[in-house]
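Peer 1: For the sequence shown, the working numbering assigns the number 295 to the initial residue and increments by one for each residue that follows.
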Amino acid sequence: EAAAEQVELSAEALDPEELDLEAISSALGALDSAEASVEAELRSLRAEAMRATTAALPALQQATDEGARIGAALGKLGTESAATAALVADSAAALAALEARRAEAAARLSLVERLLELDAAEAAAD
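1) Please specify which runs of the beta strand (DSSP E), each continuous and at least 3 residues long, are wholly inside the segment 316–385, giving them in chain order.
2) Please state the DSSP three-state secondary structure of aspartate 413.
3) At the level of alpha carbons, what is the spacing between leucine 381 and alanine 394?
4) Buried or exposed, going by whether 16 or more other CB atoms sit within 10 Å of the CB of alanine 414?
5) Buried or exposed for alanine 468, going by 16 or more other Cβ atoms inside 10 Å?
6) From leucine 405 to aspartate 384, what does the alpha carbon distance come to, in whole angstroms?
7) In whole angstroms, what separates the C-alpha of serine 331 from that of arginine 337?
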């Protein structure tokens, strides 16, 4: 900022009616000084950005590793979920088969009971 003010003051000194080499030289010197100041500030900002980037790299790597671990855990969970779904489907099929056997046994029992009733009726008629 101080260099910019110096450039302004030097520029004001460049009155077209009073052009003198000393004022021009002074303005050019102030301009060079301002340019050097800006370049120094840019170097400082670049160095700070590099330090910040370097400092952030371990955290970024850690986050990447954690993301990979989470992805692996989700993949494992998906596999386990698929296995559980297969077990549930197998259990449902086994239950359906047992229900079919129960229904068949109930039908046979009903038939045997009917036959016993017919035998009892026939025996009573004799």
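We put the beta carbon where it would ideally sit given N, CA and C, even for glycine.
Peer 2: Walking through what the data contain:
1) Within the segment 316–385, no complete beta strand (DSSP E) run reaches 3 residues.
2) Reading the sequence shown from its first residue, position 119 is the one you call residue 413. Helix.
3) The count along the sequence shown starts at 1 and reaches residue 381 at position 87. The count along the sequence shown starts at 1 and reaches residue 394 at position 100. Approximately 20 Å between the Cα atoms of the pair.
4) Numbered from 1 along the sequence shown, position 120 holds the residue referred to as residue 414. With a threshold of 16 other beta carbon atoms within 10 Å, alanine 414 falls short and is exposed.
5) This structure gives no information on residue 468, because the portion of the chain shown stretches from 295 to 420.
6) If you number the sequence shown from 1, residue 405 lands on position 111. If you number the sequence shown from 1, residue 384 lands on position 90. Taking C-alpha positions only, leucine 405 is separated from aspartate 384 by approximately 32 Å.
7) Locating residue 331 in the sequence shown gives position 37, where the first residue counts as 1. Locating residue 337 in the sequence shown gives position 43, where the first residue counts as 1. Inter-residue distance for serine 331 and arginine 337 is about 10 Å (C-alpha atoms, whole angstroms).
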